[in-house]
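Residue numbers (numbering that gives the first Met the number 0): 0 to 282.
Note that the Cβ used here is the ideal one computed from N, Cα and C, for glycine as well.
The structure displayed is predicted, hence computed values, not measured ones.
This report refers to the structure that appears directly beneath it.
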Amino acid sequence: MLPKNIVVIGKDSQNITQKLLSYCGTHTIKLHIVNPQLDSLSAIPSIDMIFIDGEDQWKAISHQLHLLQEQSELIEHFPLVVIHNAHSHIAYFICNSILELSYRDIAGCKGIGLLMTNHHTNTILSSLETKPLLPLVEDRRGEWHTKCELHNLQKTHAFIQESFLHLRNQYAQQSNDYIISCSKYDECQKEIHTTQQLLHELQLGYQELHRAINELSAENTKLQTVMSEMHSENTTLENVINDLHTKNAGLQSIINHLIQTASWRLTHPLRLFGSLLKKLRTK
């Protein structure tokens with residue numbers, strides 16, 4: 000994704016501006032040249048990339064950074080800020096650390112080429128560090144509501160029109176790692192959510208089981224009480240049965256005696272009649 004609007008702020012009108020004009024004309028990109036003394040950033044919609052001359056007056060740079068932050072907070076869009084010198088050597092760039100990786104990846108998405116040139120010295124870094132610019136940028140960054148990152152490239156870079164060669168490899172791996180981390184994070188979040196649901200279901204099941212165990216315990220206590228009462232009643236019933244057996248034996252003895260007595264009494268007339276017959280025969 001190429002930038003739609005590129006802004007150049009500062010006194011430089013030779014190196015970077017000419018190269019940007021050629022690049023923007025080739026890729027149909029709007030290039031805005033801004034006087035650092037004028038408050039003209041608000042008139043430019045959706046700025047994607049800003050080049051700031053680090054050798055300009057630090058008060059002017061501070062003012063432009065302040066305006067840039069105000070505008071970015073209004074439209075919720077923070078551009079890529081590149082700090083360079085008059086020879087188009089880039090020392091620092093600032094990007095929004097909360098933006099998606101595809102926007103922060105200067106290498107593949109901005110289409111502006113930066114080539115590492117070892118034969119260049121760190122003159123711009125030395126000159127910027129001797130001026131109040133670096134502390135100024137740090138102070139401004141600390142005041143901004145938007146969380147931004149300040150990157151020191153450590154070596155100077157020459158501006159070219161081809162694709163990024165150095166930063167592409169540097170940030171492509173970070174982008175891939177970030178995407179993989181996000182994917183793994185999403186998977187972990189899903190697993191955590193599923194685990195939480197299972198844990199909630201297990202907790203509900205445990206509560207139901209605990210309730211059922213309490214009910215069974217109460218029923219068991221009642222059953223033990225009933226069994227104890229039945230055992231007591233069974234003992235009483237056995238005693239009653241034993242008493243009945245004893246009484247039954249006594250009654251059986253009485254009945255046998257009565258039967259014997261009744262039999263004797265019933266046969267008494269017969270015995271008397273037999274005795275009389277015997278006496279008559281003897282006469």
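With contacts defined by Cβ atoms closer than 7 Å, Asp38 and Asn4 do not form a contacting pair.
DSSP lists Ile5, Leu79 as the bridge partner or partners of Met48. In this structure, Leu40 lies away from Leu30, with their beta-carbon atoms at least 7 Å apart.
Closest in alpha carbon position to Pro78, among Val7, Glu214, Tyr205, Ile178, is Val7. For Leu276, the enclosing alpha helix (DSSP H) begins and ends at 267-281. Rounded to whole angstroms, Gln195 and Gly204 show a C-alpha spacing of 14 Å.
DSSP links His31 through a beta bridge to Val6.
Between the beta-carbon of Pro2 and that of Ile28 there is about 6 Å, and that keeps the pair under the 8 Å contact cut. Looking at the backbone, the Cα of Gln202 and that of Gln223 are separated by about 31 Å. For Ile43, the secondary structure class from DSSP, reduced to helix, strand or coil, is coil. Excluding the 5 residues flanking it on each side, Cys23 has same chain C-beta neighbours closer than 6 Å at Leu30, in chain order.
Secondary structure at Asp38: coil, using DSSP grouped into helix, strand and coil.
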